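Enquirer:
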Amino acid sequence: MSATSPAVHAARVETAVESPWPRRLAWTTWAAAIPLVFFGGSVTSLDAGLAIDGWWVVDPGKGDFFLPLYPLDRWVHSLGAFVEHTHRLFGMLVGLLAIATVVATFLREKRGTPRAFALAGLLAVIGQGALGGYRVLEKSTDLAFLHGSIGQAVFVLLGATALVLAPEARASVAATPERRTLGRVAIATTAVVYAQIVVGAWLRHGQSLAALVVHVGMLVLVVGAVTFLAHALRRAAETAPDAPRLRRLRIVLWGIFWGQLTLGMLAFIWVYLVVGQGRTPTELHQSFFPTLHVMGGAALLFACVASVLQAFRGASAASEAAR
Numbered sequence: 004m005s006a007t008s009p010a011v012h013a014a015r016v017e018t019a020v021e022s023p024w025p026r027r028l029a030w031t032t033w034a035a036a037i038p039l040v041f042f043g044g045s046v047t048s049l050d051a052g053l054a055i056d057g058w059w060v061v062d063p064g065k066g067d068f069f070l071p072l073y074p075l076d077r078w079v080h081s082l083g084a085f086v087e088h089t090h091r092l093f094g095m096l097v098g099l100l101a102i103a104t105v106v107a108t109f110l111r112e113k114r115g116t117p118r119a120f121a122l123a124g125l126l127a128v129i130g131q132g133a134l135g136g137y138r139v140l141e142k143s144t145d146l147a148f149l150h151g152s153i154g155q156a157v158f159v160l161l162g163a164t165a166l167v168l169a170p171e172a173r174a175s176v177a178a179t180p181e182r183r184t185l186g187r188v189a190i191a192t193t194a195v196v197y198a199q200i201v202v203g204a205w206l207r208h209g210q211s212l213a214a215l216v217v218h219v220g221m222l223v224l225v226v227g228a229v230t231f232l233a234h235a236l237r238r239a240a241e242t243a244p245d246a247p248r249l250r251r252l253r254i255v256l257w258g259i260f261w262g263q264l265t266l267g268m269l270a271f272i273w274v275y276l277v278v279g280q281g282r283t284p285t286e287l288h289q290s291f292f293p294t295l296h297v298m299g300g301a302a303l304l305f306a307c308v309a310s311v312l313q314a315f316r317g318a319s320a321a322s323e324a325a326r
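If you want the working numbering, it's the position in the sequence shown, counting the first as 1, plus 3.
(1) I'd like the span of the alpha helix (DSSP H) that includes F85, first residue to last.
(2) Taking only the alpha-carbon atoms, compute the straight-line gap between G3 and S310 and give it to the nearest angstrom.
(3) Looking at the secondary structure, which residues open and close the alpha helix (DSSP H) in which I200 lies?
(4) With distances taken between CB atoms, is the gap from L232 to A163 smaller than 7 Å?
(5) Look up G57 in the DSSP assignment and say whether it is helix, strand or coil.
(6) Can you have a look at S81 and say buried or exposed, based on whether 16 or more other CB atoms are within 10 angstroms of its CB?
(7) Buried or exposed: which applies to T144, given that a residue is buried once 16 or more other Cβ atoms fall within 10 Å of its Cβ?
(8) Can you have a look at G64 and say buried or exposed, based on whether 16 or more other CB atoms are within 10 angstroms of its CB?
(9) Skipping 5 residues on each side, what residues in its chain have a beta carbon closer than 7 Å to that of L100?
(10) Cβ atoms of H88 and I55: under 7 Å apart, would you say?
(11) Decide if the region 171-178 is in contact with the region 120-131; the criterion is three or more beta carbon pairs, one per stretch, under 8 Å apart.
(12) If we count Cβ pairs, one from each stretch, closer than 8 Å, do we get three or more for the region 294-307 versus the region 260-267?
(13) Between E241 and the rest of its own chain, which residues show a CB-CB distance below 8 Å, the 5 nearest in sequence each way excluded?
(14) Between which two residues does the alpha helix (DSSP H) harbouring G300 extend?
(15) Rounded to the nearest angstrom, what separates A121 and Y197 at their Cα positions?
(16) I'd like to know whether the C-beta atoms of L160 and G124 end up nearer to each other than 7 Å.
(17) Evaluate P74 with the Cβ neighbour count: other Cβ atoms within 10 Å of its Cβ, from every protein chain shown; 16 or more gives buried, anything less gives exposed.
(18) R26 to T104, Cα distance in whole Å?
Here's what the structure looks like:
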């Protein structure tokens, strides 16, 4: 019988106990957040945030329905009620899946980073849901703005949880100068893109000329930041062992950016020329391009955060191994 070295034995044990379920649940949670963001954007586009009175107790004094048991006939009786209640139901689904992700991660994942991300994702979902609920109870436009600004960040955090649970996140990569530069550029680009998202929420909720001017003006910063990030990804891929992943990230980044730029122009034409400035869309198709533009912003932010995680993959993996 041949002897097995302790290192080989440890590797076999780690492989044996590794479970795909934390990662599967994390990706499922992120996937469920896609329609959540879509219907959330539709709520803003259609100005349907107060289409249904109440939060956990819906239509207080006029039925006092528990939120998940809201009658179907009231749910579908108007477009505003449909998108608002569907948004809430997807929020509940994402919350339940986030809880399952935390439980599975703490039971089957020994690394601290995925645990921290899973827990942060759950807390973010809870906070975002509470913010949306209080927005309705208080009928506050300020809370509506915050809810819209934070929603895309929560979406990205849920996707980042799935990324750090990936098997390749366990492998350490040397921190070369090109990789350190990539990390700094990716963080800066993430900040610029998120600032643009916040200004976009200001524009959608406030509909002021000042917000429109700032949003269009910041486009120059976004173009420059994304260009620098794409260049940093290309430079890092020249010497990195994970070059294929870095190249794919660069392609995805450019694809999302150009798609988002196109959606932005279509949303502007639709809102200001087709529907008309100051008018609220009354049909779902009238809110289609503005809502897709919101989702495009979330996708671009996700690509930037994925670049950050990939850039610092070596440092995080080495830190986990040292523990």
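Every residue gets a Cβ at the ideal spot worked out from N, C-alpha and C, and that includes glycine.
Predicted, not measured: the structure shown is a model, and the values here were computed from it.
Expert: Taking the coordinates as given:
(1) Residue mapping note: residue 85 aligns to position 82 of the sequence shown, counting from 1. Under the DSSP assignment, F85 falls in the alpha helix (DSSP H) whose first and last residues are L82 to R111.
(2) Summary: the structure shown does not reach residue 3, with the chain confined to residues 4 through 326, and so no result is reported for it.
(3) Position 197 of the sequence shown, counting from 1, holds the residue named residue 200. Segment P180 to G209, the alpha helix (DSSP H) holding I200.
(4) On the sequence shown, position 229 is the one that residue 232 refers to. On the sequence shown, position 160 is the one that residue 163 refers to. Taking C-beta atoms as the reference points, L232 and A163 fail to come closer than 7 Å.
(5) Here residue 57 corresponds to residue number 54 of the sequence shown, with the count starting at 1. Three-state result, G57: strand.
(6) Here residue 81 refers to the residue found at position 78 of the sequence shown. The residue is exposed, with fewer than 16 neighbouring Cβ atoms inside 10 Å.
(7) Stepping through the sequence shown from its first residue, residue 144 is reached at position 141. Label assigned to T144: exposed.
(8) In the sequence shown, counting from the first residue as 1, residue 64 sits at position 61. Result: exposed.
(9) The residue you call residue 100 lines up with position 97 of the sequence shown. Counting only residues of its own chain and dropping the five nearest sequence neighbours on each side, L100 has a CB closer than 7 Å to the CB of L28, T31, T32 and A35.
(10) In the sequence shown, the residue the question calls residue 55 occupies position 52. In the sequence shown, the residue the question calls residue 88 occupies position 85. With contacts defined by Cβ atoms closer than 7 Å, I55 and H88 form a contacting pair.
(11) Output reads no: the region 120-131 does not touch the region 171-178.
(12) Result yes; three or more Cβ-Cβ pairs closer than 8 Å.
(13) Locating residue 241 in the sequence shown gives position 238, counting from the first residue. Residues of the same chain with a CB within less than 8 Å of the CB of E241, apart from the 5 flanking positions on each side, are E181 in chain order.
(14) As a working mapping, residue 300 is identified with position 297 in the sequence shown. First-last of the alpha helix (DSSP H) with G300: F291 to A314.
(15) Residue 121 sits at position 118 when you count from the first residue of the sequence shown. Residue 197 sits at position 194 when you count from the first residue of the sequence shown. The C-alpha of A121 lies about 21 Å from the C-alpha of Y197.
(16) Within the sequence shown, residue 160 is the residue found at index 157, counting from 1. Within the sequence shown, residue 124 is the residue found at index 121, counting from 1. Contact flag set, yes.
(17) As a working note, residue 74 is residue 71 in the sequence shown. So P74 counts as exposed.
(18) Sequence index remark: in the sequence shown, residue 26 carries index 23 (1-based). Sequence index remark: in the sequence shown, residue 104 carries index 101 (1-based). Our two residues, R26 and T104, have alpha carbons roughly 8 Å apart in a direct line.
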